[in-house]
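For reference, the structure is listed below as structure tokens.
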Amino acid sequence: MSGYLKITILGCGSSGGVPRIGNIWGDCDPDEPKNRRRRCSILVQKSAEAGGPTTNVLIDTSPDMAEQLNMANQGRLDAVLYTHAHADQAHGIDDLRMVAMNNRARVDVYMDETTESWLLNRFDYCFKTPPGSGYPPILNAHKMTAYESVTIDGEGGPVTFEPLLLEHGSIPALGFKMGSVAYSPDVNGVPQRARDAIAGIDCWIVDALRRAPHPSHANLDLTLEWIADVKPELGVLTNMHVDLDYQTLRRELPEGIIPAYDGMVLEYPL
1 MSGYLKITIL GCGSSGGVPR IGNIWGDCDP DEPKNRRRRC SILVQKSAEA
51 GGPTTNVLID TSPDMAEQLN MANQGRLDAV LYTHAHADQA HGIDDLRMVA
101 MNNRARVDVY MDETTESWLL NRFDYCFKTP PGSGYPPILN AHKMTAYESV
151 TIDGEGGPVT FEPLLLEHGS IPALGFKMGS VAYSPDVNGV PQRARDAIAG
201 IDCWIVDALR RAPHPSHANL DLTLEWIADV KPELGVLTNM HVDLDYQTLR
251 RELPEGIIPA YDGMVLEYPL
């Protein structure tokens, strides 16, 4: 064993969160705190020993990022990894300015070629100082390629991420495998190579948007089929819309499959 891996679910809601603007809860009970869902993101922390210093990696910068990191009491990051560049995964990027200030250094961000192109186009000022601006850049861009592992080092020691190539409607998206945990929040197709990479894993955190089919996300039935095929020890549902009530899912889901909730913590040895 080389240490401990801690995964905190910072957000497990769909692109509009739960409740949606207008206090639209759908089928979710507003009196159940675990139905209040921010946009999808996780914090991955590795420590060499229990209770020791941690290496801190954020996956995706949701529009709720500042609140999410404050909830997790985490102000410093060793890196950020992106699954893709849709707004609900990326548009909290400007708040990395506060992380860079806490770090007293630029934040290293890792993304595939498509995501890099989109983010450098939309948020170029984060990566280089625009003409006439006095603000320094806050981010260092690093390109990732599917199935080429990336290792992030920090005070808790190195942690390795394997990017998995997934289908997300008309665009590719990445999932990640780190130790015995896999994360794929936005996906409607899991190619065989990705399934083989995570087969029999301890924990798979995976998209389950709603009950009805969707063109770019897995619905509940499809996700359950994938979990039956991949056979993780634990399946954790994320990216859930307003029609998926937490307690209803707890009653309905088979053994070994649970819905996520904001603030959920999962811990595994490395």
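Numbering-wise (UniProt numbering), the sequence shown opens with residue 1 and increments by one. Backbone N, C-alpha and C define an ideal beta-carbon position, used for all residues, glycine too. No experiment lies behind these values; they were computed from the predicted model shown.
{"Item": "Member of Arg250, Met264 and Tyr110 whose CA lies at the smallest distance from the CA of Ile59", "Value": "Tyr110"}
{"Item": "Status (buried if at least 16 other CB within 10 Å, exposed otherwise) for Ala90", "Value": "buried"}
{"Item": "Exposure label - Arg210; buried when at least 16 CB within 10 Å", "Value": "buried"}
{"Item": "For Met111, the residue or residues it bridges with in DSSP", "Value": "Lys143"}
{"Item": "Nearest-angstrom beta carbon gap, Asp186 and Asp207 [assumed within contact, 8 Å]", "Value": "6 Å"}
{"Item": "The region 118-125 in contact with the region 49-57 per 3-pair CB rule at 8 Å", "Value": "no"}
{"Item": "Closest residue to Leu77 among Cys28, Arg104 and His86 (Cα-Cα distance)", "Value": "Arg104"}
{"Item": "Assigned exposure category for Pro30 - 16 Cβ within 10 Å defines buried", "Value": "exposed"}
{"Item": "Collapsed DSSP secondary structure at Pro163 in the structure displayed", "Value": "strand"}
{"Item": "Backbone CA spacing between Pro259 and Val242 [nearest angstrom]", "Value": "13 Å"}
{"Item": "Delimiting residues of the beta strand (DSSP E) encompassing Leu58", "Value": "Thr54 to Ile59"}
{"Item": "Nonlocal neighbours in the same chain, by C-beta distance under 7 Å from Ser16, ignoring five residues either side", "Value": "It is worth fixing the name first, because residue 16 is Gly in this sequence and not Ser. Hits under 7 Å: none found."}
{"Item": "Within the region 71-97, ranges of the beta strand (DSSP E) (whole runs, at least 3 residues)", "Value": "79-81"}
{"Item": "Close Cβ partners of Leu5 (< 6 Å) along its chain, the five nearest in sequence each way excluded", "Value": "Lys46, Gly179, Tyr268 and Leu270"}
{"Item": "Three CB pairs or more closer than 8 Å across the region 129-148 and the region 82-101", "Value": "yes"}
{"Item": "Spatial neighbours of Met1 in its chain, beta-carbon cut-off 7 Å, leaving aside the 5 residues before and after", "Value": "Pro269 and Leu270"}
{"Item": "Cβ-Cβ distance between Pro232 and Gly189 below 9 Å", "Value": "no"}
{"Item": "Beta carbon of Leu164 nearer than 9 Å to that of Ala197", "Value": "yes"}
{"Item": "Proximity winner among Thr238, Thr248, Ala212 and Trp204, relative to Ala228 (alpha-carbon distances)", "Value": "Trp204"}
{"Item": "Contacts around Leu249, its chain only, beta-carbon distance under 6 Å, and the 5 residues preceding and following it disregarded", "Value": "Pro259"}
{"Item": "Cutoff 6 Å; reference Arg36; Cβ partners in own chain excluding five residues on either side", "Value": "none"}
{"Item": "Residue ranges of each alpha helix (DSSP H) within the region 168-243, 4 or longer", "Value": "192-198 and 220-230"}
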